[in-house]
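I have placed the structure first, in the form of structure tokens, so that the comments after it can refer back to it.
Residue numbers (the working numbering): 43 to 204.
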């Protein structure tokens, strides 16, 4: 965050989703909270809590970039990245297999090594510098991830496996 703030002093992290009492993440949260508190006091970090579908629909189009710096190896394919990309929002994701996959599939962002905050900041700065490079045809994404399209892909897979 410091290197991002150095270049973009008005940058803000708006953290949407559960952030307290996340199962299995308390030690990590305890380690980060003093730093996060400093950023909150500076006015550049805000916890929004869980957002309803209606709130998310309004939130995504107003984002500059989505950051998913996951460390947890149990995380799977990132629907939050897909939802952001369908709103033409580029993403920075950690290199966990499921987390990085949507970003790589659609070239709408950058992937940073797991746990490397400097690389994460570098990826953010690269996207800010060339935002249009990380945009794509959102109609294609919406069609690809339409529930009927996804169901058809599963049917094809099941037929192939049988």
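Ideal placement from N, C-alpha and C gives every residue a C-beta, glycine not left out.
Query raised in the report: Is the region 88-97 touching the region 131-148, taking contact as three or more C-beta pairs under 8 Å?
Result: No: fewer than three Cβ pairs fall under 8 Å.
**Report entry** Assigned exposure category for residue 196 - 16 Cβ within 10 Å defines buried
**Finding:** Working through the chain shown from its first residue, we reach residue 196 at position 154. Exposed, by the Cβ-count rule.
Query raised in the report: Alpha carbon to alpha carbon, what distance is there between residue 187 and residue 81?
Result: Within the chain shown, numbered from 1, the residue matching residue 81 stands at position 39. Within the chain shown, numbered from 1, the residue matching residue 187 stands at position 145. Whole-angstrom Cα-Cα distance: 36 Å.
Report task. Hey, could you find the ends of the beta strand (DSSP E) residue 157 is sitting in? Result -> In the chain shown, counting from the first residue as 1, residue 157 sits at position 115. Neither: residue 157 is in no beta strand (DSSP E) and is coded neither H nor E.
Query raised in the report: For residue 134 versus residue 107, is the C-beta distance shorter than 8 Å?
Result: In the chain shown, residue 134 corresponds to position 92, counting from 1. In the chain shown, residue 107 corresponds to position 65, counting from 1. Yes. Within cutoff.
Query raised in the report: Quick check: the region 156-167 against the region 124-132, are there 3 or more CB pairs under 8 Å?
Result: no
Query raised in the report: Could you give the residue range of the alpha helix (DSSP H) that holds residue 58?
Result: Residue 58 sits at position 16 when you count from the first residue of the chain shown. First-last for residue 58: 55-58, but that is the beta strand (DSSP E), not the alpha helix (DSSP H).
Requested in this report: Any chance you could list the alpha helix (DSSP H) runs of at least 4 consecutive residues sitting entirely within the region 83-140, in chain order?
Outcome: 95-101 and 121-128
Query - Helix, strand or coil at residue 52 [DSSP, three-state] - result: As a working mapping, residue 52 is identified with position 10 in the chain shown. Looking at residue 52 - three-state DSSP - the assignment turns out to be coil, as it is neither helix nor strand.
Query raised in the report: With a Cβ-Cβ cutoff of 8 Å, do residue 88 and residue 57 count as a contact?
Result: Position 46 of the chain shown, counted from the first residue, corresponds to residue 88. Position 15 of the chain shown, counted from the first residue, corresponds to residue 57. Their beta carbons are under 8 Å apart, which means residue 88 touches residue 57 by this criterion.
Query raised in the report: Expressed to the nearest angstrom, what Euclidean distance is found between the alpha-carbon atoms of residue 175 and residue 152?
Result: Counted from its first residue, the chain shown places residue 175 at position 133. Counted from its first residue, the chain shown places residue 152 at position 110. Residue 175 and residue 152 have their C-alpha atoms some 11 Å from each other.
Requested in this report: Could you work out which residue in 127, 139, 47 and 113 is closest to residue 178 when comparing CA atoms only?
Outcome: Against the chain shown, residue 178 aligns to sequence position 136. Closest by alpha carbon: 127.
Requested in this report: Within the same chain, show all residues whose beta-carbon is closer than 6 Å to that of residue 54, passing over the 5 residues directly before and after it, in chain order.
Outcome: Position 12 of the chain shown, counted from the first residue, corresponds to residue 54. Result list for residue 54: 86, in chain order.
**Report entry** Proximity below 8 Å, CB of residue 171 to CB of residue 155
**Finding:** Against the chain shown, residue 171 aligns to sequence position 129. Against the chain shown, residue 155 aligns to sequence position 113. Their beta carbons are not under 8 Å apart, which means residue 171 does not touch residue 155 by this criterion.
**Report entry** Integer-rounded CB distance, given that residue 101 should sit under 8 Å from residue 93
**Finding:** One-based indexing of the chain shown puts residue 93 at position 51. One-based indexing of the chain shown puts residue 101 at position 59. Going by Cβ atoms, the distance from residue 93 to residue 101 rounds to 6 Å, so yes, they are a contact pair.
Query raised in the report: Who are residue 175's beta bridge partners in DSSP?
Result: Position 133 of the chain shown, counted from the first residue, corresponds to residue 175. In the DSSP output, where bridge partners are listed per residue, residue 175 has none listed.
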